[in-house]
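Input: a single structure, listed below in structure tokens.
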Amino acid sequence: MVADAHDFLASSKDTIMRFAPAAAALSLLVAVSASVGSAQDNSVDPRAAVLMAQADAALEAGQPQRAVDALEAAFAIDPRHTPILIALAEAARREGLQGKAIRYYREALTRDPGNYAAISGEGAAMVEKGAIDRAQRNLAQLESLCGSSCPETRTLATAIAQGPKNSKVLTAEAVMPDAVVTQNLSGEAQISSANSATTAR
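Take the sequence shown: its letter number 11 is residue 10 in numbering that gives the first Met the number 0, and every next letter is one higher.
Written out as structure tokens, the structure reads:
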């Protein structure tokens, strides 16, 4: 009986040793496939990418409204691409619409809570609105996530040091974003504000 048990253990060990390399290879293949799938999920529709490039050029030329138009069209094409929301927020800030920018940043953070650009941009928009305390919380969050030397942390720290564009300082609770990104019953993404609405099909 002892001999039988010994033979069984030896046979089991043999089987494990024989299939272990194949199992390891299969695990690696699954991990790589998941990584590739994730990368594909984060890709942008080429038409939206062209519009984003046009928006960048418009911002460089000091034409934020043209940038907004291009970005809203890009969002209509590819509403899942989070960088479009961050670019919309930047364009809104250039137009002096910090409340609208904050709403875009918050939507981006709902999708990707660790997005450094969104955390930094929201903080800078808060500074521009005069909500320094809230901006400092964003700065502390960035320092915790990526350290004091990462570009997003330095950008927000500089904005806080320079202070708001006017002398009025608000509490975080007083900052009310005026743009809303929603999804209606038919699954369409929609950007709404007091002046306009864009729907993505």
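Glycine included, each C-beta is placed from N, C-alpha and C at the ideal position.
- Here the alpha carbon of Ser42 sits roughly 24 Å from the alpha carbon of Cys145.
- For Asp55, the enclosing alpha helix (DSSP H) begins and ends at 45 to 59.
- In this structure Pro150 is exposed. Its beta-carbon is surrounded by fewer than 16 other beta-carbon atoms within 10 angstroms.
- For the set Arg93, Gly113, Arg153, the Cα lying nearest the Cα of Ala57 is the one of Arg93.
- Closest in C-alpha terms to Gly95, from the list Ala123, Ala139, Ile131, comes Ala123.
- Excluding residues up to 5 positions away in sequence, Ala88, Ala91, Arg92, Ala124 lie with their Cβ nearer than 6 Å to the Cβ of Ala100 in the same chain.
- Judged by DSSP in its simplified three-state form, Asp77 adopts coil rather than helix or strand.
- In chain order, Asp44, Arg46, Ala47, Leu50, Ala199 place their CB closer than 8 Å to the CB of Ile76, counting only its own chain and leaving out the 5 sequence neighbours on each side.
- In the displayed model, Asp111 falls within coil according to three-state DSSP, outside both helix and strand.
- For the 7 Å CB-CB criterion, Ile85 and Ala117 form a contact.
- The shortest CA-to-CA distance from Ala72 to any of Ala54, Ala160, Gln62 is the one to Ala54.
- Comparing alpha carbon positions, the residue from Gly61, Arg110, Ala66 closest to Pro78 is Arg110.
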